[in-house]
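Take a look at the structure below.
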Amino acid sequence: MRKKSFGKMLWHWLLTLLVLAGLVTACIWCPRLLHIYRTSTGRQEPDVPSETEYPVRGVDLSYYQGNIDWDLLAQQGVSFCFIKATEGVDHNDSQFAQNWETAKSAKVYVGAYHFFRFENSGKEQAENFIQTVPVTENTLPPVIDVEFYESLGGSTPDTAKAKQNLREMLDLLEAHYGVKPILYAAPNTYRTYVSSFQKDYPIWISNYYYKPYFDWTFWQYTDSGELSGYDGYQTHIDLNVYAGSMESFREQFGLKAFS
Numbered sequence: 534m535r536k537k538s539f540g541k542m543l544w545h546w547l548l549t550l551l552v553l554a555g556l557v558t559a560c561i562w563c564p565r566l567l568h569i570y571r572t573s574t575g576r577q578e579p580d581v582p583s584e585t586e587y588p589v590r591g592v593d594l595s596y597y598q599g600n601i602d603w604d605l606l607a608q609q610g611v612s613f614c615f616i617k618a619t620e621g622v623d624h625n626d627s628q629f630a631q632n633w634e635t636a637k638s639a640k641v642y643v644g645a646y647h648f649f650r651f652e653n654s655g656k657e658q659a660e661n662f663i664q665t666v667p668v669t670e671n672t673l674p675p676v677i678d679v680e681f682y683e684s685l686g687g688s689t690p691d692t693a694k695a696k697q698n699l700r701e702m703l704d705l706l707e708a709h710y711g712v713k714p715i716l717y718a719a720p721n722t723y724r725t726y727v728s729s730f731q732k733d734y735p736i737w738i739s740n741y742y743y744k745p746y747f748d749w750t751f752w753q754y755t756d757s758g759e760l761s762g763y764d765g766y767q768t769h770i771d772l773n774v775y776a777g778s779m780e781s782f783r784e785q786f787g788l789k790a791f792s
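All residue numbers for the sequence shown refer to the working numbering, where the first residue is 534 and numbers rise by one.
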């Protein structure tokens with residue numbers, strides 16, 4: 534093996550120094566990027582919203598959490614809850630009807646959500662939700678949950694077709710319930726399918742590492758919460774916050790204070 538010339542060695546060290554200088558500059562001028570890198574690799578604890586800054590706190594649940602003690606959830610600071618109702622064109626959550634009725638006994642604002650299936654039309658999915666979730670006073674708007682799932686096999690569904698189905702479902706739900714639905718998304722589905730709807734609909738974003746960097750209405754900050762008040766085989770529960778005070782929460786969604 535031939536030895537490197539002095540010129541080549543000098544060029545190598547200069548290039549290394551330039552790369553290091555670039556990294557230092559990025560750390561100084563782009564703290565958000567550094568923060569994302571650290572949290573995504575487990576080097577820094579994920580952001581947890583403080584109760585002082587975000588006093589309106591809630592959960593979302595499905596049959597995984599079993600029977601719900603709503604009074605006990607409320608005692609732990611839960612102000613709102615999104616309950617899974619439907620999925621695709623023909624699936625209903627087995628606990629929805631019970632959850633929807635029993636939630637009325639506690640002072641917790643509830644809403645229903647639909648798990649969106651990319652292979653189904655927006656019209657058929659809207660019909661499934663409408664047949665399942667009654668129009669009920671003093672409840673939160675319906676939610677369309679847009680996220681990837683295992684049966685997609687890692688493929689990315691067609692963007693134009695998905696947005697067309699989302700638009701169709703959004704319009705039908707708004708016409709039936711008289712309110713604009715909420716769109717739920719993880720960062721990957723938000724960027725591809727949901728961000729274009731942001732100016733017209735409330736956004737519920739899932740991000741377990743850091744506070745979302747764009748305007749949001751709800752933030753699901755962990756899927757590993759543990760509370761008392763449910764007896765299902767899933768011990769964890771999703772925890773969420775609303776981006777504002779209780780007064781603005783009620784005003785935005787036309788809710789009345791509990792007597």
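By construction, the Cβ of each residue, glycine as well, lies at the ideal position given by its N, Cα and C atoms. Owing to the predicted nature of the structure, the values given are computational and were not obtained by experimental measurement.
Assuming SER739 contacts ALA708 under a Cβ cut-off of 8 Å, what Cβ separation, rounded to an integer in Å, is found between them?
Actually they do not touch by this definition, with Cβ atoms about 27 Å apart.
According to DSSP, is VAL589 part of a helix, a strand, or is it coil?
Looking at VAL589 - three-state DSSP - the assignment turns out to be coil, as it is neither helix nor strand.
Use the C-beta contact count for ARG650: other C-beta atoms within 10 angstroms, 16 or more gives buried, fewer gives exposed.
By the neighbour-count criterion, in which 16 or more other beta carbons inside 10 Å mark a residue as buried, ARG650 falls on the buried side.
Does ALA723 come out as helix, strand or coil in the three-state DSSP assignment?
The question names Ala, but residue 723 in the sequence shown is Tyr. Here TYR723 carries a helix assignment [DSSP, helix/strand/coil].
If you check the beta carbons only, do TYR646 and ASP678 fall under 7 Å apart?
Against a cut-off of 7 Å, the Cβ pair of ASP678 and TYR646 comes out as a contact.
If I measure Cβ to Cβ from THR722 and keep anything under 6 Å in the same chain, skipping five residues before and after, which residues do I get?
If the five residues before and after THR722 are omitted, its C-beta is found closer than 6 Å to the C-beta atoms of VAL679, GLU680, all from its own chain and listed in chain order.
Ends of the alpha helix (DSSP H) at GLN753?
Careful: GLN753 lies outside any alpha helix (DSSP H), inside the beta strand (DSSP E) at 751-758.
Nearest residue (CA-CA) to CYS614, options LEU705, ALA693, TRP752:
Out of LEU705, ALA693, TRP752, TRP752 has the C-alpha closest to the C-alpha of CYS614.
So for SER595, helix, strand or coil by DSSP?
Coil at SER595, not helix or strand.
Complete alpha helix (DSSP H) runs within the region 606-656 (minimum length 4 residues, chain order):
Within the region 606-656, the complete alpha helix (DSSP H) segments of 4 residues or longer fall at 629-635, listed in chain order.
What does the alpha-carbon distance come out to for the pair ASN671 and GLY644?
Inter-residue distance for ASN671 and GLY644 is about 9 Å (C-alpha atoms, whole angstroms).
Simplified DSSP assignment, three categories, for TYR742
Three-state result, TYR742: coil.
Of the residues TYR717, ASN632, TYR763, which one's Cα is nearest the Cα of PRO675?
Ranking TYR717, ASN632, TYR763 by Cα distance to PRO675 puts TYR717 first.
Identify every residue that forms a DSSP beta bridge with ALA718.
Answer is VAL679, ILE738.
Run through DSSP, which three-state label would ASP602 get?
It is coil, neither helix nor strand.
Please return the same chain residues whose Cβ sits closer than 7 Å to the Cβ of GLN767, not counting the five positions on each side in sequence.
Setting aside the 5 residues that flank it on each side, GLN767 is surrounded in the same chain by TYR597, GLN598, each with a C-beta closer than 7 Å to its C-beta; the list follows chain order.
For VAL589, which residues of its own chain have a beta-carbon under 8 Å away from its beta-carbon, when the five flanking residues on both sides are left out?
SER612, PHE613, VAL774, TYR775, GLY777, SER778, MET779, PHE782.
In the structure shown, what three-state DSSP assignment does TYR775 receive?
In the structure shown, TYR775 sits in a strand (DSSP, three-state: E or B).
Three CB pairs or more closer than 8 Å across the region 658-672 and the region 625-645:
By the Cβ rule, the region 658-672 counts as touching the region 625-645, because three or more pairs are nearer than 8 Å.
DSSP-derived helix/strand/coil call for TYR763
Here TYR763 sits in strand by DSSP.
Compute the Euclidean distance between the alpha carbons of HIS769 and ASP756, then round it to the nearest angstrom.
Rounded to the nearest angstrom, the two C-alpha atoms are 7 Å apart.
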